Structures are given as structure tokens and as C-alpha cells.
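> So the sequences go chain by chain: P, D and Z.
Just so we're on the same page, this note's numbering is the position in the first sequence counted from 1, plus 2.
Just so we're on the same page, this note's numbering is the position in the second sequence counted from 1, plus 2.
Just so we're on the same page, this note's numbering is the position in the third sequence counted from 1, plus 208.
C-beta atoms are modelled at their ideal positions from N, C-alpha and C, and glycine is treated no differently.
These numbers were taken from a predicted model, which means no experiment stands behind them.
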Amino acid sequence: MTSVAKRRLAIAGDEMEPMSETRPEELRLLEALLFAAGEPLDEKTLAARLPAGVDVRATLERLKAEYAPRGVNLVRVAGKWGFRTAGDLSWLLTKDSVVPRKLSRAAIETLAIVAYHQPVTRAEIEEIRGISTAKGTLDVLLETGWVRLRGRRKAPGRPVTYGTTEAFLSHFGLDSLDDLPGLDELKGSGLLDGRLPSGFTVPMPSDDPALREDEDPLEPGDLDLGLAPPPERIED
Amino acid sequence: MTSVAKRRLAIAGDEMEPMSETRPEELRLLEALLFAAGEPLDEKTLAARLPAGVDVRATLERLKAEYAPRGVNLVRVAGKWGFRTAGDLSWLLTKDSVVPRKLSRAAIETLAIVAYHQPVTRAEIEEIRGISTAKGTLDVLLETGWVRLRGRRKAPGRPVTYGTTEAFLSHFGLDSLDDLPGLDELKGSGLLDGRLPSGFTVPMPSDDPALREDEDPLEPGDLDLGLAPPPERIED
Amino acid sequence: MMTDDNPFNPDLAADRASDEPALMVDVEGFEGPLDLLLALARQQKVDLAKISILALADQYLAFVEAARKLRLELAADYLVMAAWLAYLKSRLLLPESGGAEGPSAEDMATALAYRLRRLEAFRNVAERLLERPQLSRDIFERGAPEPIAEIKHPQYTATLYDLLSAYAAQREKQSLAHVRFAKRNVWSLSEARAALERLLGQAQDWSRLDQFLISYLVDPALRPTVVASSFAAILEMVREGAAEMHQHEAFAPIYLRRRMAAAETTSDSAGPSRRPV
């Protein structure tokens, strides 16, 4: 180790190692890899780049703890790890903001229904909102890359099912759908399972790419129409 | 400051502040700004983004010292500041990949002569080919792992003899060198013209690792050349 | 649910006088009748689970009535809901007859309350979702990621066919180099004729063929082919009437000249005789 490397950092936190301990080299390697990457990396990718024998998960957790008080944090999004600026510093960085597309109220509600109720059909979205969904609303959500066509429901009319993407999790800083705010309350209230056919009473939303039992794969051409899925028949 | 932020870092280096000191918030701001920036920032720009009264230069120097032992360093390039992967970890940011490359005409011709006429010296190759063989051509063949240095011919100048390897057999799908087609097979397949002078023969080559009577073992150092061929190949 | 259970013809908007201009209003920005109902329910300031559907129906119907008095045209959805609520209200007020088909009035009211609670719940989580720090708006990834450099290792490929054909071609080339078949240099008939025509154009009198050809005879190896081709070409030109030739005896020099006009030819008849062709 270089003399520079020996001038190491120690953490003064309570759950941290005593400050006399040398900072392991794998922390340097991990932070270099994660800093260099533009987007989050999964543990498998990281393990492949690190020397054999490194406990990737433990090193990640330690690095996360080290960076927690800093202006840049190590976070887990969509099951991957990445450095991101601390959430409380958004005021400082607003100058760098990409002006986000302002979503309409209808789009926001629809996004929430897709996120918390996926896989969900357009008819189910309309039933919850009590209003027909303008064609453009789902198009806008598909365009953001946060919503995707999943498959087709095994039901009359074979309506397309919608779900969220990894980009959705990444954008909202979620590790998985389990981290959706208010999901537990929503689940507990029984409001998610009201309309599921018997036998499919899975109250949890799932963006698992594997189709559910009541889903068929998309058909050739469905994805071409991705931005303009054909209006489907109301099934109920 | 948040409770998380209070779980602060202290520096254990000799020229650093005592570890009991709270890490100033401006360090967080600076690291977030520099992390998110698309390009290095000069001190004037940083000062404009930071709260009034922050000693930008001093904060930068402290941040630089903090990151010096890390996998990511704060560096000043052309008067501007930015994070960069530590110089000693540049190997980490490389990825090895295999690119298929077609062997040059000269190399495959030389390889063919080596295969049929082994053990063969460079001078003999040139005699058969009727053309001088560039040094790079044999280097490429050694790099492929299909050709090896066998020994040295017991002859004036003690020239190195070349032969093929197991990797050669494996790449060309040959069980042994006996599977190389002989004169009749080459004629039969139309590769050799029927109009050949009498006395034209195709040798029966052998890649027997045992040296022939007219071969001496390689000398120390011979193999170093073989294992470290110059990266650049020259086609003739 | 509204679409399932509504027994009314939704086309209630049709009773508007047809000559009045339609003034479409979005009922102050409500997102449909359920949204409006939810807003009205909130005015009751009680838990949605304990809300009086009867009171809510009254409020909604009063709202719709007020809008109609103002001659504001409500979207059909709102009127459908109004009709359904009026029906629900009448069912709730009348004692349930035991054998009534379909869902009871209580079930219908419960279902409506459920839908209102569900819509509100999704509204809440939508809000909470959007309150989260968002990427590239509140939190940022590395602005200048450092690329991974790719180090390319060549993996050479060649086929057995490449190898064998390269070998055969080289051996063949080298062995044939020792037994060289000289390329046969041939003066073709057309080459000979082109040259002769060019030369005859310049000559006015009888000339010896070998003098014409002298410039082509520098290489002794070419002599037989030049003579043979030239002679054949001359015979052809004579037959066509383009040239004349004569030879005194076998192996004597051959003379030829360009064919003159008929008169000239006669005057020259004392000269060398034409050989029949």
C-alpha cells in the first residue's frame, strides 16, 4: 500500500470499526468501480470485477455506512448499487436538474395504480379511477420508460397488462416494489385485492418479468404498438 | 443537520484535524456538487453555488486530503476540480475482451509450411515460400499458440526450428498431424494441380515433442522471446 | 361497480334543448364523477368507512341539479352517476323486498364506499410516491462517469481449408517455377491485319512483305508467327480486293501493295501477276 493509502480514514461512528483498523483495499476498489459507473451495478457484476474472495455484500454495506453522512451516498436501487447525491441536497443541485416532464394528475394517478396494482389492465385502471383513461395518458407513461407492456391477461378480450420497469425503481430511488411508500397500509386495507379473480388473490404488486399464471406473453406486434396499444375491450 | 449527518467522519491522519471535530456541512455540499457535475468545476463556479462565506479553496483542499487514500481522488486539472478514479486503480476500469482476427495471408502460408515441413527453420520456410518471411509473421504465429519453438538445428548458425502445437491440432480439428492430407488427397480435392513435376512430394510431418537427431534443445532465453512476442505484427 | 350495476340508460344528457349551445364544463377540474363524489365526501369530514352514502347521494344530486340550473352541460359520466345515485337513494329509503334480484341496496352502498376509499388510497400513495426524491431532479448520479476501457485480445481464426489451399498454392507455385513453360507469344490474325492495313496505307508502290514486317521481327522467336499471320491476313485482304501481292517463285520474297483503282491496275498489268487466291 502506498504511503498515501496509509493515510487512511477511520469512521467515528458507533457501529463502525475502531479507527485504528486499516481500511481494507476492497473498499477502495468498490468505491472506484461504483464511482466510475454512470448507473447502478449489481452485485454479480461487482463480484466479477473484484479479486476473488471479497465479500461483496459486506463490503457494500460497510461502504454504504461510510458514505451515509456524506454528500454522496451509496444506495441500492432496483437491486443494484450506485452512488447518488444525498437526498437532502436537492436544493443545491437544482441547477443541474433536467426539467422533468410535468405529469398530469391523471397520469400520476395511473402511474400509482400501475405501480401498486401491477400487473393491471387498462379496464382495471379505469374501474379504480371511475373514468375512462384518455389514450394519451398511458402513452405518456410508456414514453417515460417507467411503465411497460407486460403481457396479456388470460381473460375475454385478452387485454394488455401493464407494469413498471427498472427505470421506474431507479427514478424513484426504490430498491424494489416492496419499498413503495404506503404499500403496507394499502395492502392492509384490503383495497388491493378487491377485484382479483379467486385463485389469484396475490395482494402484492409484482414487476417480476416472469408472467403470472393469468398472463399470456405479448403477441408479435404488441411492442411495436408499444406507444399506442390498441384500445382493449372492457372485460367486465 | 440530520442525525445521519451527525454520524460524521473524522480523519485519522497526522496533518488532519482531530477526529472529534464535526465534519463541516460544506464538505458534503462540495462533494455532491463535484460528483454531480458533468465536467470539472473551477473555484469561482463552486463559490457561486455554495453558501456565502465558505472558504472554497480550504474546503477543496480538505476534501482532497480526505479522498486521497480512497479509490476516488479529488484532483485539480487545468485549474478545475473533479473526482477521478485513483491512478493506481486504472486497471480496474479496463475490461478484457476477445476479438476474433483473421490470420493474414502471409501468416497462414507460413503456418502451412511449418505444419507440413516441421521441424523447419526460418531459412527453410523462406526457401519453400520463395519469399523472405517478415519477423512479425512468425511472431504472430507464436502469439496464436499454434506454432512453437522446438529446438535448434545442428547446422551452421544453429537456427531455431519451428513446429506446431496441440492447440494447432485442436483449432483445425485434427486428431494428429497424420490427418493432414497427403499428396494424393490434395490432388484429389483439386487443391493441387495434376500438372506437377515428377518427384514432387508432400512430406509426412511429425510434431513429436522429442527432438530429432539434427535438433539441439533450445537455450535458456529462447523461450522468453517466444512468450513475449512484440504486440505489433507486420504483414509482408 | 358503476358500469356493472348501473341499470339506467346513460344517455341522460340528451334531454338538453337541442337549440341551446353546449357549454362543456369539466366540473371545476374533477377527474370524473368518482372524483367529484370523493371531494363531496371529504366535506363530510368523517372517515370514508363511516360515511353516509345517503347524504353523499343527496349532495351529489344537489350539485348536479345546481349545474343544470346554470345550464352547464355535464359530461355524460356525471349524469350516469347522478341517475345511479338517485336509484340507490330510492332503494335505500324503501324497505328491501325479500326476493329482490341482484345486489341489495346496502351492498351497493358498501361497494361505492369501497371504491371511494380505494381511489383515495391510490391518490395518497401517488402523492407519497411523487414526494420521494427523484433522480435527475433531486438526486443525481455521477455527472461524468468514467468509461470502462476495453482491452482487446485478438483471437486468431483460420480454417483448415485456408491452411491447405495456402500450402498447395505455394508448393505448386514453387515447383512449377523450376519447370517453366514459356508463355507462347502469338501474333494473332487480327493483330497482323491491323498492322498491315496501317503499313499499306503509307506505301505507294510494291513493297517486300518482310520489309513491312521488319519492325515486328526483332525478336527471332516471333518470326514464324508474324510471317504466318501476316501472310494469312494478306490473302484475306487480297480476296477482299483491298491489296495486291505477287511472288516470283516459291520462297522468293513476297511483294504487295495497296489495291489501286481499276484503271491503274490495268496499266500496271505488266508488273507482277496477281496470284489467284
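(1) Is the CB of D:Arg-2 under 8 angstroms away from at least one CB in chain Z?
(2) Can you name the residues of chain D whose CB is closer than 7 angstroms to the CB of P:Val-74?
(3) Provide the residue span of the alpha helix (DSSP H) that contains D:Thr-163, from first to last.
(4) Between D:Leu-95 and the rest of its own chain, which residues show a CB-CB distance below 8 angstroms, the 5 nearest in sequence each way excluded?
(5) Answer with buried or exposed for D:Pro-222, where buried requires no fewer than 16 other C-beta atoms within 10 angstroms of its C-beta.
(6) I'd like the list of long-range same chain contacts for P:Leu-227, defined as Cβ closer than 7 angstroms, with 5 residues on each side in sequence excluded.
(7) For chain Z, check one thing: does any of its Cβ atoms lie closer than 8 angstroms to the Cβ of P:Arg-131?
(8) Roughly how many angstroms separate the alpha carbons of Z:Met-210 and P:Phe-170, rounded to a whole number?
(9) Is P:Ser-208 close to chain Z? Criterion is C-beta to C-beta, closer than 8 angstroms.
(10) If you measure from the beta carbon of D:Lys-97 to each beta carbon in chain Z, is any gap under 8 angstroms?
(11) Three or more C-beta pairs under 8 angstroms: does that hold for the segment 107-122 of chain P against the segment 137-150 of chain P?
(12) What number of angstroms, rounded off, separates the C-alpha of P:Leu-76 from the C-alpha of P:Pro-219?
(13) Tell me which residues share the same chain as D:Val-122 and place their Cβ nearer than 7 angstroms to its Cβ, disregarding the 5 neighbours each side in the sequence.
(14) By the 10 Å Cβ neighbour count, where 16 or more other Cβ atoms means buried, how is D:Thr-146 classified, buried or exposed?
(15) Please list the partners that D:Ala-212 has in chain P, where partner means a Cβ-to-Cβ separation under 9 angstroms.
(16) DSSP has D:Phe-170 in a bridge; who is on the other side?
(17) Z:Ile-259 CB to nearest chain P CB: under 8 angstroms?
(18) Looking at chain Z, is there any beta carbon in it that lies within less than 8 angstroms of the beta carbon of D:Tyr-118?
(19) Over the uninterrupted alpha helix (DSSP H) stretch that includes Z:Arg-316, give me the two end residues.
(20) Would you give the residue range spanned by the alpha helix (DSSP H) that P:Thr-146 belongs to?
(21) For P:Glu-41, which residues of its own chain have a beta-carbon under 7 angstroms away from its beta-carbon, when the five flanking residues on both sides are left out?
(22) Could you name the residues that DSSP lists as bridge partners for P:Arg-78?
(23) List the whole-angstrom C-beta distance separating Z:Leu-372 from D:Pro-199, where the pair is believed to meet the contact cut-off of C-beta under 8 angstroms.
(24) What is the C-beta distance between Z:Asp-256 and Z:Arg-331, in whole angstroms, given that I count them as a contact (C-beta under 8 angstroms)?
(25) Can you find the residues in the same chain that come closer than 6 angstroms, C-beta to C-beta, to D:Val-213, ignoring five residues on each side of it along the sequence?
(26) Kindly list, in the order they appear in chain P, the residues whose Cβ is closer than 7 angstroms to that of Z:Ala-329.
(27) Helix, strand or coil for D:Pro-222, going by three-state DSSP, please let me know.
(28) What are the boundary residues of the beta strand (DSSP E) that Z:Gln-455 is part of?
(29) What span of residues does the beta strand (DSSP E) with Z:Gln-363 cover, start to end?
(30) Just to confirm, is the Cβ distance from D:Asp-224 to Z:Glu-380 under 8 angstroms?
(31) Closer than 7 angstroms by beta-carbon distance: list the chain Z residues that pair up with D:Thr-87, in chain order.
(32) So the alpha helix (DSSP H) P:Asp-186 belongs to, where does it begin and stop?
(33) Grouping DSSP H, G and I as helix and E and B as strand, with all else coil, what is P:Ser-314?
(34) Residues of chain B with a CB under 9 angstroms from the CB of Z:Gly-240: which are they?
(35) Write down the C-beta distance between Z:Leu-248 and Z:Gln-267 rounded to the nearest angstrom, noting that I regard them as a contact closer than 8 angstroms.
(36) Taking the CB atoms as reference points, tell me whether P:Leu-43 and P:Leu-52 lie closer together than 8 angstroms.
Per the coordinate set shown:
(1) This structure does not reach residue 2 of chain D, given that chain D is present from 3 up to 238, and the question cannot be answered.
(2) Glu-33, Ala-34, Phe-37
(3) Note, D:Thr-163: premise wrong, no alpha helix (DSSP H); beta strand (DSSP E) at 162-166.
(4) Thr-87
(5) In the assembly as shown, D:Pro-222 is an exposed residue. Its beta-carbon has fewer than 16 other beta-carbons within 10 Å.
(6) Interpretation of P:Leu-227 is limited by its pLDDT of 49, a score under 50 that renders its predicted location unreliable; the figure taken from the coordinates is listed afterwards. Same-chain partners within the cutoff: there are none.
(7) yes
(8) Here Z:Met-210 scores only 38 on pLDDT, less than 50, and its place in the model should not be relied on; the value that follows carries that caveat. Each residue's alpha carbon lies about 32 angstroms from the other.
(9) no
(10) Output row for D:Lys-97: interface = yes.
(11) Using a C-beta cut-off of 8 angstroms, the segment 107-122 of chain P makes contact with the segment 137-150 of chain P, since at least three inter-stretch Cβ pairs fall below that distance.
(12) 36 angstroms
(13) Ile-115, Val-116, Thr-163, Tyr-164
(14) buried
(15) What D:Ala-212 touches in chain P: nothing, since even the nearest Cβ is about 39 angstroms away.
(16) In the DSSP assignment, no residue is bridged to D:Phe-170.
(17) no
(18) yes
(19) Reading the sequence as shown, one finds Met at residue 316 of chain Z and not Arg. Per DSSP, Z:Met-316 belongs to the alpha helix (DSSP H) from 313-339.
(20) 137-146
(21) Only Gly-84 meet the Cβ criterion.
(22) P:Trp-83
(23) In fact, because the Cβ distance is near 20 angstroms, the residues do not count as touching under 8 angstroms.
(24) As written in the sequence, residue 256 of chain Z is Leu, which differs from the Asp given in the question. Not a contact, Cβ separation roughly 12 angstroms.
(25) It should be noted that the sequence gives Leu, not Val, for residue 213 of chain D. Answer for D:Leu-213: Gly-153, listed in chain order.
(26) Leu-188, Ser-191, Leu-193
(27) coil
(28) 451-455
(29) Start and end: 357-365.
(30) No, these two residues do not count as a Cβ contact at 8 angstroms.
(31) Near D:Thr-87 (Cβ distances below 7 angstroms), the residues of chain Z are Glu-354.
(32) 185-190
(33) Residue 314 of chain P falls outside the range modelled here, since chain P spans only 3 to 238, and no answer is possible.
(34) In the displayed structure, chain B is absent; the protein chains listed are P, D and Z.
(35) 5 angstroms
(36) no
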